[in-house]
Amino acid sequence: MKIIDGKSISQELRRELKKEVEDLKKQGIEPGLATILVGDDPASQVYVKSKIKDCAELGINSFHNPLPASAGEKDIISLIEKLNSDGKVHGILLQLPLPKGTPQDRCLESINPEKDADGLHPFNLGKLAIAKSWAEIEEQRLLAPCTPLGVMELLERSGVEISGKNAVVVGRSNLVGKPVALLLLSKNATVTMAHSRTKDLQEVCRKADILIAAIGKERFITKDFIKPGSAVIDVGINRSEKGLVGDVDFDSVKDFVSAITPVPGGVGPMTRTMLMKNTILAARKQGK
Numbered sequence: 006m007k008i009i010d011g012k013s014i015s016q017e018l019r020r021e022l023k024k025e026v027e028d029l030k031k032q033g034i035e036p037g038l039a040t041i042l043v044g045d046d047p048a049s050q051v052y053v054k055s056k057i058k059d060c061a062e063l064g065i066n067s068f069h070n071p072l073p074a075s076a077g078e079k080d081i082i083s084l085i086e087k088l089n090s091d092g093k094v095h096g097i098l099l100q101l102p103l104p105k106g107t108p109q110d111r112c113l114e115s116i117n118p119e120k121d122a123d124g125l126h127p128f129n130l131g132k133l134a135i136a137k138s139w140a141e142i143e144e145q146r147l148l149a150p151c152t153p154l155g156v157m158e159l160l161e162r163s164g165v166e167i168s169g170k171n172a173v174v175v176g177r178s179n180l181v182g183k184p185v186a187l188l189l190l191s192k193n194a195t196v197t198m199a200h201s202r203t204k205d206l207q208e209v210c211r212k213a214d215i216l217i218a219a220i221g222k223e224r225f226i227t228k229d230f231i232k233p234g235s236a237v238i239d240v241g242i243n244r245s246e247k248g249l250v251g252d253v254d255f256d257s258v259k260d261f262v263s264a265i266t267p268v269p270g271g272v273g274p275m276t277r278t279m280l281m282k283n284t285i286l287a288a289r290k291q292g293k
């Protein structure tokens, strides 16, 4: 059994990205990420600070834009439009969730798709859905959601075969489940989307060569869901009395799999790194 170490893979990728930033700067392109934080939610503040730190580590310019909790839809969209027209800004991150009552979708849709560092704009998700292959995704430099991209990097860099394999994705969110299924398809996996209403869920999961758990339920996936020798990627982050735990019951599953991600230290570090990768990709695509 191999533990897929998201921390070390993330560090490896960051070294590559730092060099890429240096190369872009030689071409006169200085990647820049603008963060928008509405209100003073403590968890969101921590997330944004970590992203600003990541930018500094890789040499990416960081532009933080705080707004008060009282800021409405018009205020947020006005700021986004200003950043859309700023040539120094290549990526825009609107930190979610927004204060209660603020229409999240309309704010996200106001971001220029070319600057959509989170990969959540309907235009980018639509382009991802119609891409015929991974080669086409790379050729078009499509911006995809960060967590699904991180999952793909973990599989690839851990030597997990994807093409022709049965992949089961448990969870159908727009943030993880749906886009990761599209990415797996682009790598020629045979993909099954499963969720809370799936009949005989255990039986469906037991057919998986690759199981992606993104259902948001603490230790939901036990050994009864596992095909021996499969690879398991645990996207879940749940707070328990013992700290952070995933959607997979790690201890009961680990002896049956060929590879598995821990929580914490698996997918989490990759999500932050893929935001940096998307920003660099956006800068390269904009070419200025």
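FYI, my numbering numbers position 196 of the sequence shown as 201, with every residue one higher than the one before it.
The beta-carbon is built from N, C-alpha and C at its ideal position, and this holds for glycine as well.
Note that the structure is predicted; figures quoted are calculated from it, not measured.
Contact check for Leu101 against Leu72 fails: the beta carbons are separated by 9 angstroms or more. With fewer than 16 other Cβ atoms from the protein chains shown falling within 10 Å of its own Cβ, Met6 counts as exposed.
Here Phe261 carries a helix assignment [DSSP, helix/strand/coil]. DSSP places Arg177 in no alpha helix (DSSP H); its state is neither H nor E.
Three or more beta-carbon pairs separated by less than 8 angstroms link the region 228 to 246 to the region 213 to 220, which places the two stretches in contact.
Beta-bridge analysis with DSSP links Val173 to Thr197 and Leu216. Exclusion of the five residues before and after Asn70 leaves Ala39, Thr40, Ile41 and Leu84 as the residues of its chain whose Cβ lies within less than 7 angstroms of its Cβ.
Looking at the DSSP output, Phe68 bridges to Ala39.
The region 58 to 67 makes contact with the region 13 to 31, as at least three CB pairs between them are under 8 angstroms. For the set Thr284, Ile9 and Gly292, the Cα lying nearest the Cα of Leu148 is the one of Thr284. For Ser257 against Thr227, the beta-carbon gap comes to about 5 angstroms, under 8 angstroms, which counts as contact.
Between Gly176 and Asp252, the CB-CB gap stays under 9 angstroms. With a threshold of 16 other beta carbon atoms within 10 Å, Gly106 falls short and is exposed. Bridge partners of Ala236 according to DSSP: Ile215 and Ala264. Between Glu86 and Ser115 a beta carbon distance of about 7 angstroms is seen, short of the 8 angstroms cut, so the two are scored as contacting.
In this structure Glu21 is exposed. Its beta-carbon is surrounded by fewer than 16 other beta-carbon atoms within 10 angstroms. Note: Asn243 is bridge-paired with Val250 in the DSSP secondary-structure output. Setting aside the 5 residues that flank it on each side, Met281 is surrounded in the same chain by Leu22, Asp59 and Leu63, each with a C-beta closer than 6 angstroms to its C-beta; the list follows chain order. Ala287 is not a Cβ neighbour of Ala134, given a cutoff of 9 angstroms. By the C-beta density criterion, Asn179 is exposed, having fewer than 16 other C-beta atoms within 10 angstroms. The beta carbon of Tyr52 is closer than 6 angstroms to none in its chain, skipping five residues each way along the sequence. Apart from sequence neighbours up to five positions away, the residues of its chain that approach Ile231 with a beta-carbon distance below 6 angstroms are Val258 and Phe261, ordered along the chain.
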